[in-house]
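Per the working numbering, the sequence shown starts with residue 1354, numbered consecutively. Cβ coordinates follow ideal geometry from the N, Cα and C atoms, glycine included. Below is one structure; the comments refer to it alone.
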Amino acid sequence: MDTEAQPTERDRSSCPFDAGAERAPGARGPEDRSRSALTARVAEWFPGGRITLTVLICLVFLLLLHTFVVQPFQVSSGSMERGLRAGDRVAVNKLAYRFGAAPQRGDVVVFDGTGYFGDADYIKRVVGVGGDHVVCCDKDGRIQVNGRPVDESSFLYPGDRPSAVPFDVVVPDGTLFVLGDHRAASRDSRDHLGSPGGGMIPVGDVVGRADRIVWPLDRWARLDRPDAYARVPAAAGSPDGAHG
């Protein structure tokens, strides 16, 4: 005798969903209809309906992107030639130094110079980080960082000397020593050695790292960290040697 219970007609009709049944093509389930209805109700609050809602969502997304992730920055002078020209627009990565990361030698950074450089944002190259001993120049006319000469020929403006102004500084912890690549046309840490802060940039005032030229399109290029800085030794007394 077959003892397995057989469903009655009433059992079949009361089942809300047959797991073995396939949904008809194009048919929407209750959740799909619910989401669509909610979107339609929200769209009714705006003049123009769904189009206005879509534009508003895009604007909010772009605002969040600009505020927390990537910010465009226009280069206003020739102080970073030959790599960056006046009028270039670069994408500034605002997350580069979050979550425990810090600027490294060779990075091109944008920072707020209010209070020591001027009431504006500036773009320069990091030459020294906290604890570094930066000297210009050695007998061959090169900048030295922690006793190691740096070959700047790959990015220095053609014909420029590393610096016409001699200096010998130790970078305080939590700050940066920055220079423009076009040394003869750049006002940078060298010009503020006698000012409050000694020409050093607080890491907290760094907006982000310039990662790429995005405009004009024919100058689209990535801004890489020069290899010359990878050979610079850690600053004396550095706990982890992770400055290079």
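Mind checking which residues open and close the beta strand (DSSP E) that includes residue i?
| i | result |
| --- | --- |
| Gly1481 | 1474-1482 |
| Gln1427 | 1423-1427 |
| Asp1521 | 1520-1523 |
| Gly1599 | This structure leaves residue 1599 out entirely; the chain is present only between 1354 and 1597. |
| Val1461 | 1461-1465 |
| Arg1442 | 1442-1446 |
| Ser1487 | The identity of residue 1487 in the sequence shown is Val, whereas the question assumes Ser. 1486-1489 is the extent of the beta strand (DSSP E) around Val1487. |
| Leu1576 | It is not in any beta strand (DSSP E) - Leu1576 carries neither H nor E in the DSSP assignment. |
| Leu1509 | Taken as a continuous stretch (DSSP letters only), Leu1509 belongs to no beta strand (DSSP E), as it is neither H nor E. |
| Leu1532 | 1528-1532 |
Distance, Cα to Cα, residue i vs residue j?
| i | j | result |
| --- | --- | --- |
| Arg1442 | Phe1452 | 26 Å |
| Gly1550 | Tyr1475 | 16 Å |
| Gly1527 | Arg1572 | 34 Å |
| Arg1514 | Gly1533 | 12 Å |
| Val1488 | Glu1434 | 22 Å |
| Gly1547 | Phe1508 | 27 Å |
| Val1428 | Leu1437 | 7 Å |
| Val1462 | His1535 | 15 Å |
| Gly1471 | Ile1496 | 26 Å |
| Ala1455 | Val1556 | 8 Å |
| Pro1511 | Gly1494 | 15 Å |
| Ala1444 | Trp1568 | 9 Å |
| Val1560 | Lys1492 | 36 Å |
| Ala1589 | Ala1473 | 33 Å |
| Val1585 | Pro1525 | 18 Å |
| Gly1484 | Leu1570 | 39 Å |
| Gly1552 | Glu1505 | 21 Å |
Suppose the cutoff is 7 Å on Cβ atoms and the five residues either side in sequence are ignored; what does the same chain contact list for residue i look like?
| i | result |
| --- | --- |
| Cys1411 | Below a pLDDT of 50, predicted positions are generally treated as unreliable, and Cys1411, at 48, falls in that range; no measurement from the model is reported. |
| Ile1554 | Phe1464, Thr1528, Leu1529, Val1531 |
| Ala1439 | Val1428, Ser1429, Ser1430, Gly1431 |
| Asp1558 | Phe1464, Asp1465 |
| Thr1361 | Below a pLDDT of 50, predicted positions are generally treated as unreliable, and Thr1361, at 45, falls in that range; no measurement from the model is reported. |
| Val1598 | The requested residue 1598 is not part of the displayed model; the chain covers only 1354 to 1597. |
| Val1518 | Arg1543 |
| Ala1380 | In this predicted model, Ala1380 has a pLDDT of only 49, less than 50, meaning its place in the structure is not dependable; the value taken from the coordinates is given anyway. For Ala1380, where only same-chain residues beyond five positions count, there are no Cβ hits under 7 Å. |
| Asp1580 | none |
Starting from the C-beta of residue i, find all residues in its chain whose C-beta is less than 8 Å away, skip the five residues before and the five after it, and write them out in chain order.
| i | result |
| --- | --- |
| Ala1574 | Arg1565, Ile1566 |
| Phe1520 | Val1487, Val1488, Cys1489, Arg1543, Leu1546 |
| Gly1468 | Pro1549, Gly1550 |
| Ser1516 | Cys1489, Cys1490, Ile1496, Leu1532, Arg1536, Arg1543 |
Report all residues from its chain with a CB closer than 6 Å to the CB of residue i; omit the five preceding and five following residues, and keep chain order.
| i | result |
| --- | --- |
| Phe1538 | Reading off the sequence, residue 1538 comes out as Ala, not Phe. So the qualifying residues of the chain are Gly1431, Ser1432. |
| His1486 | Asn1499, Val1523 |
| Arg1562 | Asn1446, Ala1449, Asp1460, Val1462 |
| Pro1425 | Arg1442 |
Inset, instruction - Assess, as a yes-or-no matter, whether the region 1498-1512 is touched by the region 1540-1547 under the definition of 3 or more beta carbon pairs within less than 8 Å. - result: no
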